[in-house]
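Top to bottom, those sequences are chains A and B. So in our numbering, the last one in the first sequence is 708, and the numbering has no gaps at all. So in our numbering, the last one in the second sequence is 708, and the numbering has no gaps at all. Idealized CB from N, CA, C, for every residue including glycine. The structure presented is a predicted model; accordingly, all values stated were derived computationally and were not measured. Below you'll find the structure, written out as structure tokens, and then a few comments.
There are 2 protein chains.
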Amino acid sequence: MDRALREEIDQLHAELCQGLADSKRIAILYALSDGPKNVSEIMETLEMSRATATRHLKVLRESAMVNTERDGVSIYYSLADKRVILALNLLREVLAGILSQRKALAEAIL
Amino acid sequence: MDRALREEIDQLHAELCQGLADSKRIAILYALSDGPKNVSEIMETLEMSRATATRHLKVLRESAMVNTERDGVSIYYSLADKRVILALNLLREVLAGILSQRKALAEAIL
DNA sequence: CTAATATATACGTGTGAACGTAAATAAGAA
DNA sequence: TTCTTATTTACGTTCACACGTATATATTAG
Numbered sequence: 599m600d601r602a603l604r605e606e607i608d609q610l611h612a613e614l615c616q617g618l619a620d621s622k623r624i625a626i627l628y629a630l631s632d633g634p635k636n637v638s639e640i641m642e643t644l645e646m647s648r649a650t651a652t653r654h655l656k657v658l659r660e661s662a663m664v665n666t667e668r669d670g671v672s673i674y675y676s677l678a679d680k681r682v683i684l685a686l687n688l689l690r691e692v693l694a695g696i697l698s699q700r701k702a703l704a705e706a707i708l
Numbered sequence: 599m600d601r602a603l604r605e606e607i608d609q610l611h612a613e614l615c616q617g618l619a620d621s622k623r624i625a626i627l628y629a630l631s632d633g634p635k636n637v638s639e640i641m642e643t644l645e646m647s648r649a650t651a652t653r654h655l656k657v658l659r660e661s662a663m664v665n666t667e668r669d670g671v672s673i674y675y676s677l678a679d680k681r682v683i684l685a686l687n688l689l690r691e692v693l694a695g696i697l698s699q700r701k702a703l704a705e706a707i708l
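Here it is, written out as structure tokens:
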């Protein structure tokens, strides 16, 4: 694989990660892992404004991590690929490791 | 788990993802998955300026995804948790899925 | 068609990230 | 100490993101 190709893939890879790099979008993805939801359900469950929910869903849709399906007035958003949740779970384990290491540090001070 | 706690965890989770949300940092992490490297090796292998390499390594160090160890004049950076690579690989699979879907779309046009 | 509801967007603002260039710090060699 | 190499940071610029508020679009009900 030549350099230009690798850089382009890394760029797309980074854009996918950028889609995950917001606490509200992470909350939305976990909420959708329980099943499809419309904007109203998301904004109520996660306590964010309608505009905020819509905008974050747009980001997730544009990065192809969620799909949409209209049902009458409502538009239901669903998770496009469960591996996104698996990746998030792995990173959550990494986070737990970091925090427990910091906890050990904190205790060593005393 | 109450709301404030969940939001704080999601925030930390997002900051970890933010650390992955750059093509050069992704390239660095994959390079380090082959073994520890110093700044010079990274800047040469990945063709980026010294300052850029240092700054990205600083981001990765501050998010605790890499560790450092001094060896004489050089400072060697190493991957702190291999699960980061596992998560990146999962997301790369997701990316492959998205691209193959787009390829199918492209072919359907003709 | 008109009203009502669901979703999406425009505008303005504030904040933070990434970069190149140049200067600063740190450790080892002479 | 002085020189050299490795790493890091400061400065200034540019660009992208997230948000609240207000407005626009789209679908269904009456």
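* Asked: For N636 of chain A, which option in A:L603, A:Y675, A:A612, A:R604 has the closest C-alpha, if you only look at C-alpha atoms?
  -> Here the closest residue by C-alpha is A:Y675.
* **Helix, strand or coil at S698 of chain A [DSSP, three-state]** => Of the three classes helix, strand and coil, the one that applies to S698 of chain A here is helix, per DSSP.
* Distance between L618 of chain A and L689 of chain A (C-alpha atoms, nearest Å) -> 11 Å
* Asked: Could you give the C-beta distance for L658 of chain A and I624 of chain A, rounded to a whole number, given that I count them as a contact under 8 Å?
  -> Not confirmed; about 10 Å, so no contact.
* Could you give the C-beta distance for L686 of chain B and V664 of chain B, rounded to a whole number, given that I count them as a contact under 8 Å? -> About 14 Å; that fails the 8 Å criterion.
* Asked: By the criterion of Cβ-Cβ separation under 8 Å, what are the contact partners of H611 of chain B in chain A?
  -> S621, I624, L686, L689, R690, L693
* To do: For D632 of chain B, return the contacting residues in chain A, with the cut-off set at a CB-CB distance below 8 Å.
  => Those within 8 Å of D632 of chain B in chain A number zero; the least Cβ separation is about 14 Å.
* Run down chain B in chain order and give the residues with a C-beta less than 7 Å from the C-beta of A662 of chain A. => I696
* Does DSSP classify D679 of chain A as helix, strand or coil? -> coil
* Go ahead and pull the three-state DSSP assignment for D600 of chain B. => coil
* **Close-in-space but distant-in-sequence residues of the same chain around T650 of chain A (CB under 8 Å, 5 per side omitted)** => K622, M641
* **Below-8 Å beta-carbon distance, E605 of chain B vs any chain A residue** => Chain A places a beta carbon closer than 8 Å to that of E605 of chain B, counting this residue as a contact.
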